[in-house]
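In UniProt numbering, the protein residues as written are 1 to 287.
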């Protein structure tokens with residue numbers, strides 16, 4: 001059914017006049033008549049009747065008019081969501097661990113303050129999983145470490161941070177001057193393919209070393225698990241500076257600062273290239 005037929009029907013009932021409906025819709029009066037007739041032929045029933053008080057609905061027309069208003073409202077909301085206007089609807093966010101815990105809460109709070117009609121949900125996993133979710137349209141946007149370059153995705157950095165070395169409170173650091181001095185110490189690391197692990201491996205490579213030289217005694221699947229292991233005295237590790245500072249301020253671990261270990265990494269906003277201009281998505285990444 002032509003959407004213009006529904007709009008003509010709605011406007012006619014609102015103004016109770018074929019002539020006024022035509023004027024407000026910027027079409028001829030015969031055009032309004034033809035659109036109403038097309039609707040009546042489609043539903044095989046009379047929708048309106050002329051009275052001394054103007055155009056009125058028949059009993060069948062009342063039922064159909066109620067549904068027509070609902071259809072037009074749904075269409076209006078759909079156009080607003082995808083073609084412009086204030087963002088509405090639901091936004092599904094995929095995020096790796098650090099963004100989900102330390103970066104996104106503030107961003108989401110600001111977003112909800114600006115666009116209260118948008119609801120959100122979040123799925124959390126490693127960056128590779130999150131980007132796969134995005135490619136498979138299981139999430140609308142992804143906040144991760146650096147994603148793979150692909151024409152399918154639009155990506156841009158949104159925030160940068162440093163990595164920090166943390167150790168148990170009883171760790172003696174007087175003899176630790178360079179990163180290489182830590183190769184004799186036991187290490188607890190994030191699992192392979194995590195953003196933190198990848199950043200650490202790249203940095204060690206630029207220093208001329210590899211993780212094979214490190215005494216890795218454990219690999220864990222979350223930042224908090226790694227911090228808890230360090231707090232228990234199982235070894236040292238490298239974690240997000242956000243997480244390191246919080247743990248240090250709580251008296252759980254200490255931060256080891258080395259001049260030759262300065263690691264900065266970016267976190268990225270990503271969405272499907274075809275969706276980057278959708279109002280609810282573009283509104284989020286410009287915050």
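Each residue gets a CB set at the ideal place from its N, CA and C atoms; glycine is no exception.
Mind checking which residues open and close the alpha helix (DSSP H) that includes residue i?
i           : result
residue 241 : 241-249
residue 296 : As displayed, the chain neither begins before 1 nor continues past 287, which places residue 296 out of reach and without an answer.
residue 228 : 223-231
residue 4   : 3-15
residue 282 : 279-285
residue 300 : The requested residue 300 does not occur in the structure, where the chain is confined to residues 1 to 287.
Put residue i into one of helix, strand or coil per three-state DSSP.
i           : result
residue 209 : coil
residue 215 : strand
residue 132 : helix
residue 114 : helix
residue 35  : helix
residue 49  : strand
residue 266 : strand
residue 68  : helix
residue 160 : strand
residue 109 : helix
residue 182 : helix
residue 74  : helix
residue 220 : strand
Assuming residue i contacts residue j (C-beta within less than 8 Å), just tell me the rounded distance between them.
i           : j           : result
residue 211 : residue 243 : Incorrect: roughly 20 Å between the Cβ atoms, too far for contact.
residue 293 : residue 268 : It is not possible to answer for residue 293, since the shown part of the chain is limited to 1 through 287.
residue 5   : residue 38  : 5 Å
residue 69  : residue 10  : 6 Å
residue 236 : residue 284 : Not confirmed; about 37 Å, so no contact.
residue 188 : residue 258 : Rounded, the Cβ-Cβ distance is 18 Å, inconsistent with contact.
What do you reckon, are the CB atoms on residue i and residue j nearer than 8 Å?
i           : j           : result
residue 159 : residue 142 : no
residue 217 : residue 186 : yes
residue 58  : residue 66  : no
residue 166 : residue 263 : no
residue 270 : residue 149 : no
residue 86  : residue 119 : no
residue 288 : residue 115 : This structure cannot speak to residue 288, because the chain is shown only from 1 to 287.
residue 226 : residue 164 : no
residue 241 : residue 135 : no
residue 182 : residue 253 : no
residue 127 : residue 175 : no
How would you write the range of the beta strand (DSSP E) that residue i sits in, first residue to last?
i           : result
residue 123 : 118-124
residue 23  : From DSSP, residue 23 is part of no beta strand (DSSP E) but of the alpha helix (DSSP H) over 18-25.
residue 186 : 186-190
residue 92  : 89-95
residue 276 : Taken as a continuous stretch (DSSP letters only), residue 276 belongs to no beta strand (DSSP E), as it is neither H nor E.
residue 254 : 254-256
residue 141 : 141-144
Which same chain residues end up closer than 7 Å to residue i when comparing Cβ atoms and leaving out the 5 residues on each side of it in sequence?
i           : result
residue 33  : 18
residue 179 : 207, 258, 260, 261
Near residue i, what residues of its chain come up, given a Cβ to Cβ distance below 8 Å and the 5 sequence neighbours on each side ignored?
i           : result
residue 184 : 215
Report whether the distance from the Cβ of residue i to the nearest heavy atom of the ligand SAH is below 7 Å.
i           : result
residue 174 : Ligands displayed in this structure: none; no statement on the ligand SAH is therefore possible.
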